[in-house]
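Below is one structure, written out as structure tokens; comments come after it.
Numbering (the numbering used here), first residue to last: 318 to 420.
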């Protein structure tokens with residue numbers, strides 16, 4: 318059981334290396350973000366302003382257990398790598414009517 322964390326990390330590393338070397342290459346330019354309806358906790362961002370940064374776009378909704386489980390990781394990565402140019406953009410993708418009210 319002690320080694321399970323090691324094997325999970327090793328598997329994730331190998332999968333990441335395979336993904337990088339699989340020839341996926343450059344996916345092209347980041348699309349503009351001008352279709353956003355509203356921005357919360359940030360001034361509106363643009364693909365031009367984000368050029369040269371690593372951008373993680375996380376689609377979530379506040380009542381989804383999967384979104385809730387990943388939230389601590391998103392917060393930790395944002396705090397840890399902010400100075401290195403890491404940007405996390407959370408896109409609220411409401412599933413239910415009660416989730417559509419931003420207040």
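The C-beta atom is built at its ideal place from N, Cα and C for all residues, glycine as well.
Who are the near neighbours of residue i in its chain, counting only those whose CB is closer than 6 Å to its CB and skipping five residues on each side?
{"i": "residue 403", "result": "371"}
{"i": "residue 410", "result": "376, 378"}
Could you give the DSSP three-state label for residue i: helix, strand or coil?
{"i": "residue 357", "result": "coil"}
{"i": "residue 402", "result": "coil"}
{"i": "residue 352", "result": "coil"}
On the premise that residue j lies in contact with residue i, defined as a C-beta separation below 8 Å, what is that separation, rounded to the nearest angstrom?
{"i": "residue 419", "j": "residue 355", "result": "7 Å"}
{"i": "residue 394", "j": "residue 408", "result": "Contact doesn't hold; Cβ gap of about 16 Å is too wide."}
{"i": "residue 413", "j": "residue 380", "result": "7 Å"}
Where do the N-terminal and C-terminal ends of the alpha helix (DSSP H) with residue i fall, by residue?
{"i": "residue 375", "result": "Element bounds for residue 375: not the alpha helix (DSSP H) but the beta strand (DSSP E), 371-377."}
For residue i, which residues in the same chain have their Cβ closer than 8 Å to its Cβ, ignoring the five residues on either side in sequence?
{"i": "residue 346", "result": "364"}
Could you name the residues of the same chain whose beta carbon sits closer than 7 Å to that of residue i, not counting the 5 residues immediately before and after it, in chain order?
{"i": "residue 348", "result": "364"}
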